[in-house]
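Mind the numbering: the sequence shown is residues 342 to 643 in our numbering, read in order.
Read the structure below first, then the notes.
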Amino acid sequence: MGIGFASFAVTGGINYSVEFTGGTLVQLKFKQPTDASRIRAALDGAGIKGAEVQQYGGADEYTIRAQDKELVASQAAGAVKVEDDIRAALSKTLGADTYTVARTESIGPKVGEELSRRAVLAMVLVSLATLIYLAFRFEWRFGVAAVVATLHDTIITLAFIKLLHLEVSLTVVAAILTLLGYSMNDTIIIFDRVRENLKTSGRTTLHDVLNRSINDTLPRSIMTHATTFAASLALLLFAGEVIRPFAWVMTFGIFVATFSSIYVAGPVLLWIERKFPRRATSGAAARVADAKLKPAGEALRR
Numbered sequence: 342m343g344i345g346f347a348s349f350a351v352t353g354g355i356n357y358s359v360e361f362t363g364g365t366l367v368q369l370k371f372k373q374p375t376d377a378s379r380i381r382a383a384l385d386g387a388g389i390k391g392a393e394v395q396q397y398g399g400a401d402e403y404t405i406r407a408q409d410k411e412l413v414a415s416q417a418a419g420a421v422k423v424e425d426d427i428r429a430a431l432s433k434t435l436g437a438d439t440y441t442v443a444r445t446e447s448i449g450p451k452v453g454e455e456l457s458r459r460a461v462l463a464m465v466l467v468s469l470a471t472l473i474y475l476a477f478r479f480e481w482r483f484g485v486a487a488v489v490a491t492l493h494d495t496i497i498t499l500a501f502i503k504l505l506h507l508e509v510s511l512t513v514v515a516a517i518l519t520l521l522g523y524s525m526n527d528t529i530i531i532f533d534r535v536r537e538n539l540k541t542s543g544r545t546t547l548h549d550v551l552n553r554s555i556n557d558t559l560p561r562s563i564m565t566h567a568t569t570f571a572a573s574l575a576l577l578l579f580a581g582e583v584i585r586p587f588a589w590v591m592t593f594g595i596f597v598a599t600f601s602s603i604y605v606a607g608p609v610l611l612w613i614e615r616k617f618p619r620r621a622t623s624g625a626a627a628r629v630a631d632a633k634l635k636p637a638g639e640a641l642r643r
């Protein structure tokens, strides 16, 4: 997590897509395969700086994302202006009969700001819902440990996105939310095994119960992660440019989620038990050892 924060401090913030920053997207269909560098050179030569050119499907189809700082009063008018500028630049360099405009989309700054707010709100609600669910299903300590693990996953994944210079679009946000659910599911499975093992642990400490629970669920975790990794790797290798950021996040996130469910959630739970001991007589809390890691069986008999 420290490396993640350091990457943001050194290299700056995250690269947001047009959905969040506002701007215009133009999709072009060329009659012949065209190199992206030629399109960028044509745009730069016409003074359209900072436009993002991405291959969309085959080598004859591209999307151009351009931000228009004046796109405030009328999104439609701004989109038409940007499209006209792009048409003029490409027609001058590549020829007017070499391509067609498949679609044009425009998102104003206000809409982009609203999408950003909703994306952050979605992640907050996921964490809050997880905390509430685990508090009722297990005990609040388990919920806090799981939320810390998902926070770890989010920060590390964002640092990875920054490292690869991936653009944070709605697709990437969907991948992050999917990753959070995936990581949470793995953590819940381990915690559920902890709860079951505490019932028959005798005088075993919580530390040993956690180790035993992780070992019990390890074969299942290996099989699940291997199959999920194979699917995400196939997307990464064979999918087009549009879905590739999603595949990158999922492929990397599988390793992060595996690490956090084993090496983050468990130690955080132990730390909470040391800092916030509580003697419980009923419910799920009675199944958790105290801060000094007294035998779990003794805690169960209380």
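Backbone N, C-alpha and C define an ideal beta-carbon position, used for all residues, glycine too.
Two segments are said to touch when three or more pairs of C-beta atoms, one from each, lie closer than 8 Å; by this definition the stretch 387-397 does not touch the stretch 457-473. Under the three-state reduction of DSSP, residue 512 is assigned to helix. Residue 431 and residue 437 have their alpha carbons spaced roughly 7 Å apart. Boundaries of the alpha helix (DSSP H) around residue 587: 585-604. C-alpha of residue 478 to C-alpha of residue 539: approximately 15 Å in a straight line. Per the C-alpha coordinates, the member of 618, 606, 494 positioned closest to residue 519 is 494. Going by beta carbons, residue 372 and residue 440 fall inside the 8 Å limit. Straight across, the Cα-Cα distance linking residue 385 with residue 399 is about 23 Å. Residue 455 and residue 355 have their alpha carbons spaced roughly 17 Å apart.
Per DSSP, the continuous beta strand (DSSP E) segment holding residue 365 begins and ends at 364-371.
In the assembly as shown, residue 568 is an exposed residue. Its beta-carbon has fewer than 16 other beta-carbons within 10 Å. Taking a C-beta distance under 8 Å as the contact criterion, residue 533 and residue 599 do not qualify as a contact pair. Counting C-beta atoms within 10 angstroms of its own C-beta, residue 525 has 16 or more neighbours from the protein chains shown and is therefore classed as buried.
Note: residue 394 is bridge-paired with 405 in the DSSP secondary-structure output.
Residue 580 sits in coil when the DSSP states are folded into three classes, being neither helix nor strand.
One Cα belongs to residue 464, the other to residue 435, and the distance between them is close to 44 Å. Under the criterion of beta carbons closer than 8 Å, residue 508 and residue 586 qualify as touching, at roughly 7 Å.
The shortest CA-to-CA distance from residue 530 to any of 510, 547, 608, 557 is the one to 557. Distance from the Cα of residue 446 is smallest, within the candidate group 462, 499, 433, 422, for 422. Secondary structure at residue 378: helix, using DSSP grouped into helix, strand and coil. The alpha-carbon separation between residue 515 and residue 360 amounts to approximately 13 Å. Per DSSP, residue 444 is one residue of the beta strand (DSSP E) stretching across 440-448. Residue 541 counts as exposed, since fewer than 16 other C-beta atoms from the protein chains shown sit within 10 angstroms of its C-beta. Remark: three or more beta-carbon pairs, one from each stretch, lie closer than 8 Å, so the stretch 604-611 and the stretch 545-554 are flagged as touching. Annotated as distal: residue 606 and residue 460, with beta-carbon spacing of 8 Å or more.
The beta-carbon distance between residue 517 and residue 498, rounded to whole angstroms, is 6 Å. This is short enough to meet the 8 Å contact definition. Beta-carbon to beta-carbon, residue 537 and residue 397 are separated by about 50 Å, too far to satisfy the 8 Å threshold.
The closest CA to that of residue 378, considering only 564, 405, 513, is found on 405.
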